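Data block below; observations after.
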Amino acid sequence: MKAEHAMPIENHPPDRKLTSRSGSERVEVKTTTCYMCACRCGIRVHLRDGEIRYIDGNPEHPLNKGVICAKGASGIMKQVSPARLTQPLLRKEGADRGTGTFEAISWERAFAILEQRLAKIRATDPKKFALFTGRDQMQALTGLFARQFGTPNYAAHGGFCSVNMAAGMIYTIGGSFWEFGGPDLDRARIFFMIGTAEDHHSNPLKIAISKFKRNGGRFVSINPVRTGYSAIADEWVPIRPGTDGAFLLAVIHEIIATGLYDREFLVRYSNAGQLVNCDGDSADEGLFVPDGQSPEVNPQYPQNKLWWDRHTNRAVATHSPGADPFLLGEFTLDSGVRVKPSFQLLEERVRECTPEWAAELTGIPAATIRRLAHEMGIIARDQKIELPIAWTDTWGVEHETVTGNPVAFHAMRGLAAHSNGFHTIRSLAILMSLLGTIDRPGGFRHKAPFPRAIPPSAKSPNSPDAIKPNTPLAGLVLGWPASPDDLFIDDAGKPVRIDKGFSWEYPLAVHGLMHNVITNAWRGDPYRIDTLLIFMANMAWNSTMNTSEVRKMLNDKDEHGHFKIPFLVVCDAFQSEMTAFADLVLPDTTYLERHDVMSMLDRPISEFDGPMDAVRIPVVPPKGECKPFQDVLVELASRLKFPAFTNADQSRKFADYRDFVINYETEPGSGIGFLSGWRGKDGKQFLKGEPNPRQWEMYAANNCIYRYPLPPSYQYMRNWNRGYLEWAQRVRMRRFGEPILIQLYSEVLQTFRLAAQGKRPGRQPPPHLRQRVATYFDPLPFYYAPLEAQVSDPARYPLNAVTQRPMAMYHSWDSQNAWLRQIHAHNYLFVNPRTAAAVQIADDGWLWVESQWGRVRCMARYSEAVEPGTVWTWNAIGKAAGAWHLAPDANESQRGFILNHLISEELPSAGGGTMSNADPVTGQAGWYDVRVRIYPAEPSEAKEVAPQFQALAPAPGTSRLRQLWLAYFAGADRLPTDRTKETL
Ligand code: SF4
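See below:
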């Protein structure tokens, strides 16, 4: 399509500025995209004679507008980190995993090992290869690689991060927070932040909050801990972890009871008025009654539903001109079927969820809950915004303005990472909908390619027949189930995936369950695999639950002396705890050394006003023999002759990743590839167009982004905006054009429940899972205690323990960073002074924190900024001795700790055996559910963190010296000896 709204290639100074200085020094400024966290800010890298001197924010970048954080500015220290891996490494014959005993090998040998092994697996049983990745930004490529390989065993980090946030919101409103949508703080009057740490959308959110507060907006933070963003909130509302669902249901109760919901919005844009079959004897109980007189339109998203019209007092097709449905009441159809509007069922559900009920669970006084509910309801009702933007809805009604109800929310892992998180997040999405804030000014707004259909139309296969030797998988590796027919199970109902995603155990595991992979593969449940390739995920430390046991599993052997997980490949840029367990280590580049895309096929950097994608372009050459993982995948895909990577004459299609990005099309001739901007031979097309050989250069000349602002009439109400929906379908951003009605009541969930109740023909859960599915696949949100709390003794373990990510470090990436280490080199367990005093724990004193799964010794720090029933610490500051090239006695291992030792990846199952410590709907890891007790360490005990592990030696190819202080002096390369540089 022609890029009529696209930004032209601007005539600002070219991307790579070359400035002459006196003498022979060459000073350059190169733009690229930061990757010190996942926020994807634009940066300028300043170089002198090819050496990076400093990094600052790119003022011309629309996301961060020149702002940079501590991490972003410290990228230079990542570049020169002594922990950098520089050569492929092979575990020495006979050495144990975890000791990091390696020999350096060539890339040719590494590729030959992989090619031989993977070719054999692919030709015999492709599912014996599993690829799981951490916080990467290339899932469009890694997912394509897995699919072309033919394995179903692929996922990224979402299952242990925030899949509940994605699934709970997308199954309700067709979009979610973070990359998919967010709060419109430019116009909001009140902003509620719930369960959010400092990292997601970091700089853009900081900019937005600062502007919001200057404009007089009120900021309320609901969180067990007052840190980061919460520290500048106008009101902090402490809440017990895992009880957010109760709080939200009580707020919904108040909004409905006081009539503060936006009736007009709900009637037109949600399924609130649609009639639900309430006949207990019917096989269709709980499903929407179809209107036999209206066309279905699209069997995947049927449009023929009924309202009960207030004017005629009879059932009519939804959105009939002039009709106005009852939202409350009970009616009988001519057929005799008893029906209720879904809103009535919601009202019944929350009737008992009073503020008093929630106060008991959450610790928030009932009066506060009531006050906050009224505040949001009254602002939504009385401070409406009218933008003079005409638009037409999908049913043909023309609107002269866009209306906004200026109440905004933002939420993240604090809500998601609980085994009750899916229903909590459904509650939040429903509350936002009741207030009439979806894709409206001042409320929540989508980011392209969202909104998606509910559920999105992408599907993974539903039978093991999709897996065939030497053949791509017949379906996507990750999809969005709409019914039991979409589960990826065999005829006996058993999981096909190694992580059991899309099985009856975790039916809506739309991001997979990375936290289950090692345990399942080690146990051979549901089967054994051969090769596990892990990219950028520290599964032997902070990215795994039950760290100590998982480390044993990685090194465990069967009765024949063979590793239970036979071959372990790890790709990373640094010597982490995980690389020590690899059989083969592949040294990745840093983000400053490679091409990357933040693709419209994956998670682009779109803003509210339209699609935007971005790239990274190398600013320095790779260190040593480092190779970008993308290039490794393209090389392997070519050697293994995956169809999408091979020409008809069996020659390779793409020279490398750079070439792949330019020339790959989703289908031959589709004109759709990884990058949406500057497509077509002349670079004038957007989204669809022939490959453009100069595409990278055009991104480079435009701050590494392509932005496509939509006309204002397409920027709001996109779920139901005829113009936008037609445009999105035309450019293939959406497959279908039907409106995306908010699902207050989820028929998808009810479909699973009917199967579990034996009322639905076809697939039904095995007996031991029937009750579980029937309970948790409730079409309306409900509150239940997290699964871990259900199997914990509250008297013995009275406290919740949670972690938060600090602003200055991202996951485990940054302890090798000399500058960031100055901010965090160890961590404390933060304890409310009242809680600490009750068990005689001193400020700065050593204590034990213990769950039913394990215990950790660490240091306490008093803090009033935590509610008394919770203890918390920073995530991933603690390190195993010697990892990340830190000295064995570095603070990170002696005084830094992780809580992961206290968290089990499995819980006892009601029917015997175990289940993942995860949400029963989505498989989201229940990180924040662990229950603990604390007590002082004995004075005679060592003043060091426990448990400790044998110190790792530096891996071949990392810096030769262990430095007490990590330091770097620019220009030291030009000093006489390497030794000088190492010891400066
Ligand atoms: S917020 Fe993240 S992406 Fe932005 S500058 Fe900081 S580290 Fe980089």
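Last residue of the sequence shown: 967 in our numbering, with the numbers rising by one and none dropped.
Here a beta-carbon is modelled for each residue, glycine too, at the ideal position from N, C-alpha and C.
All values derive from a computational prediction rather than experimental measurement.
Counting only C-beta atoms, is residue i closer than 7 Å to chain D at any point?
i           : result
residue 111 : The chain labelled as chain D is not found in the depicted structure, where only one protein chain is given.
According to DSSP, is residue i part of a helix, a strand, or is it coil?
i           : result
residue 378 : coil
residue 960 : Because residue 960 sits at a pLDDT of 41, beneath the cut-off of 50, its placement in the model cannot be relied upon, and the following sentence gives the value as read from the coordinates. Residue 960: coil per DSSP, three-state reduction.
residue 782 : strand
residue 393 : strand
residue 812 : strand
residue 635 : strand
residue 707 : helix
residue 578 : coil
residue 833 : strand
residue 518 : strand
residue 31  : strand
residue -7  : Note that residue -7 scores 33 on pLDDT, short of 50, meaning its location in the model is unreliable and no value can be drawn from it.
residue 767 : coil
residue 0   : With a pLDDT of only 49 at residue 0, under 50, the local geometry of the prediction cannot be trusted, and the value read off the model is given with reservation. Strand at residue 0.
residue 528 : coil
residue 969 : What the structure shows of the chain is the stretch from -16 to 967, and residue 969 is not part of that stretch, so it cannot be assessed.
residue 718 : coil
residue 790 : coil
residue 557 : strand
residue 758 : helix
residue 907 : coil
residue 228 : helix
residue 742 : coil
Which residue's Cα is closest to the Cα of residue i: the options?
i            : options               : result
residue 1021 : 781, 558 and 702      : The structure shown does not extend to residue 1021, since the chain is modelled only from -16 through 967, so no value can be given for it.
residue 968  : 185, 26, 63 and 456   : The structure shown does not extend to residue 968, since the chain is modelled only from -16 through 967, so no value can be given for it.
residue 26   : 58, 338, 33 and 32    : 58
residue 763  : 784, 807, 412 and 776 : 412
residue 710  : 393, 671 and 321      : 671
residue 673  : 647, 572 and 691      : 647
residue 795  : 866, 842 and 891      : 866
residue 544  : 79, 67, 31 and 39     : 79
residue 97   : 85, 112 and 203       : 112
residue 371  : 361, 383, 309 and 389 : 383
residue 927  : 280, 876, 103 and 145 : 876
residue 76   : 550, 827 and 826      : 550
residue 81   : 459, 462, 936 and 66  : 936
residue 447  : 421, 481, 284 and 438 : 481
residue 872  : 906, 881, 907 and 931 : 931
residue 391  : 132, 403, 533 and 201 : 201
residue 694  : 922, 684, 380 and 707 : 707
residue 54   : 585, 297 and 37       : 37
residue 761  : 773, 736, 169 and 740 : 736
residue 912  : 846, 143, 769 and 495 : 769
residue 478  : 497, 509 and 187      : 509
residue 234  : 271, 322, 334 and 154 : 334
residue 511  : 517, 518, 501 and 909 : 501
residue 810  : 820, 817, 828 and 272 : 828
residue 455  : 908, 101 and 105      : 105
residue 13   : 42, 331 and 532       : 42
| query | Quick one: complete beta strand (DSSP E) runs, 3+ long, within the stretch 400 to 444? | reply | 427 to 429, all fully within the stretch 400 to 444.
| query | Which runs of the alpha helix (DSSP H) spanning at least 4 residues fall entirely within the stretch 70 to 153, listed in chain order? | reply | As far as the stretch 70 to 153 is concerned, its whole alpha helix (DSSP H) runs of at least 4 residues are 90 to 107 and 122 to 132.
| By C-beta, the residues closer than 5 Å to any heavy atom of the ligand SF4, given in chain order | Qualifying residues come out as 17, 19, 20, 22, 24, 51, 52, 54, 55, 185 and 186.
| If you scan the stretch 344 to 368 from start to end, which runs of the alpha helix (DSSP H) of 4 or more residues do you find wholly inside it? | Here the runs fully enclosed are 349 to 365.
| query | Which parts of the stretch 230 to 311 are runs of the beta strand (DSSP E), unbroken and 3 residues or longer, counting only runs that do not cross its ends? | reply | Qualifying beta strand (DSSP E) stretches, in chain order: 258 to 260, 289 to 292 and 297 to 300.
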